[in-house]
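Chemist: Each residue of the sequence shown is one higher than the one before, counting from 0 in numbering that gives the first Met the number 0.
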Amino acid sequence: MLNKAEPKITNICFDGQQRCTVFLTQTVCPRMLPFVTIHLPIIVTLHFKEVDDDSDRIKIVRHEEHWTAQGLLETIPIASAWYDQLIRVTTGKVLATAGGFIHSASEMAQRITSRGREIEGGREDLIKRLSKSSSSSTQTSCREKGLRVVY
Numbered sequence: 000m001l002n003k004a005e006p007k008i009t010n011i012c013f014d015g016q017q018r019c020t021v022f023l024t025q026t027v028c029p030r031m032l033p034f035v036t037i038h039l040p041i042i043v044t045l046h047f048k049e050v051d052d053d054s055d056r057i058k059i060v061r062h063e064e065h066w067t068a069q070g071l072l073e074t075i076p077i078a079s080a081w082y083d084q085l086i087r088v089t090t091g092k093v094l095a096t097a098g099g100f101i102h103s104a105s106e107m108a109q110r111i112t113s114r115g116r117e118i119e120g121g122r123e124d125l126i127k128r129l130s131k132s133s134s135s136s137t138q139t140s141c142r143e144k145g146l147r148v149v150y
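As structure tokens, then:
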């Protein structure tokens with residue numbers, strides 16, 4: 000009822016054993032509205048299996064059709080313009096901005112980690128220096144300044 004014309008096959012890929020992929024354009028033309036034609040890009044994948052009785056014959060065991068939302072939207076002129084000028088552009092900008100945020104956050108986390116390691120190394124260095132020169136005069140001068148010595 001919808002397919003007045005046969006589909007146009009644009010490419011066939013057969014692996015020679017178990018799978019065949021057919022790229023085609025299906026022409027949909029409602030018989031009640033003959034002036035409306037829609038050309039839908041479709042990818043059909045056929046999976047084969049050898050017939051047990053005859054090794055020269057194969058049968059189709061699975062048939063898959065893939066219709067993309069982009070392909071469907073491109074067939075309708077107003078939706079196609081809306082998709083190309085608004086949806087794709089907006090999605091691209093949102094994803095690029097999100098990628099920028101993730102990159103900035105990753106760089107900042109690396110800087111914070113690096114700085115934390117520097118601080119920890121300086122702390123350990125200070126503890127070693129204080130433990131080597133732990134004389135009563137050093138402890139007294141630290142106490143006078145209000146500092147606490149932790150070993």
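For each residue, glycine too, the CB sits at the ideal point set by N, CA and C.
All values derive from a computational prediction rather than experimental measurement.
(1) In angstroms with no decimal places, state the Cα-to-Cα distance between T44 and P6.
(2) Could you compute how far the alpha carbon of E153 sits from the alpha carbon of I111?
(3) Verify whether the separation of the beta carbon atoms of C19 and I11 is less than 8 Å.
(4) Go to E123, then tell me how far its alpha helix (DSSP H) extends in each direction, as first and last residue.
(5) Quick one: what does DSSP say T36 is sitting in, helix, strand or coil?
(6) For P40, which residues of its own chain have a beta-carbon under 6 Å away from its beta-carbon, when the five flanking residues on both sides are left out?
(7) Taking Q25 as part of the beta strand (DSSP E), name the residues at either end of that continuous run.
(8) Hey, quick one: how far does the alpha helix (DSSP H) through I77 stretch, first residue to last?
(9) Run through DSSP, which three-state label would E5 get?
(10) Output needed for M31: all residues of its chain with C-beta closer than 7 Å, excluding positions within five of it in sequence on either side, in chain order.
(11) Going by CA-CA distance only, name the one from I37, G99, V50 that's closest to T74.
(12) Taking the C-alpha atoms as reference points, what is the distance between W81 and S103?
(13) If I measure Cβ to Cβ from T67 and keep anything under 8 Å in the same chain, skipping five residues before and after, which residues do I get?
Modeler: Reading off the structure:
(1) By 1-based counting over the sequence shown, the position of residue 44 is 45. By 1-based counting over the sequence shown, the position of residue 6 is 7. If you take the alpha carbons of T44 and P6, they lie about 15 Å apart.
(2) Residue 153 is absent from the structure shown; the chain starts at 0 and stops at 150.
(3) As a first step, residue 19 is located in the sequence shown; it is residue number 20 there, counting from the start. As a first step, residue 11 is located in the sequence shown; it is residue number 12 there, counting from the start. Yes, Cβ-Cβ distance for C19 and I11 is below 8 Å.
(4) On the sequence shown, residue 123 is found 124 positions in, with the first residue counted as 1. It spans 87-131 - the alpha helix (DSSP H) in which E123 sits, taken as one unbroken run.
(5) In the sequence shown, the residue the question calls residue 36 occupies position 37. Note: T36 maps to coil in three-state DSSP.
(6) The residue labelled residue 40 in the question sits at position 41 within the sequence shown. These residues qualify, in order along the chain: T24, G70.
(7) Numbered from 1 along the sequence shown, position 26 holds the residue referred to as residue 25. 18-27 is the extent of the beta strand (DSSP E) around Q25.
(8) As a first step, residue 77 is located in the sequence shown; it is residue number 78 there, counting from the start. Its alpha helix (DSSP H) spans residues 76-81.
(9) Looking up residue 5 in the sequence shown gives position 6. Coil, per DSSP.
(10) As a working note, residue 31 is residue 32 in the sequence shown. Closer than 7 Å at Cβ, skipping near neighbours: no residue.
(11) Position 75 of the sequence shown, counted from the start, is the residue given in the question as residue 74. Looking at the Cα atoms, I37 is the closest of the given residues.
(12) The sequence position of residue 81 within the sequence shown is 82, counting from 1. The sequence position of residue 103 within the sequence shown is 104, counting from 1. Approximately 32 Å between the Cα atoms of the pair.
(13) Taking the sequence shown and counting its residues from 1, one reaches residue 67 at position 68. Taken in chain order, the residues that qualify are P40.
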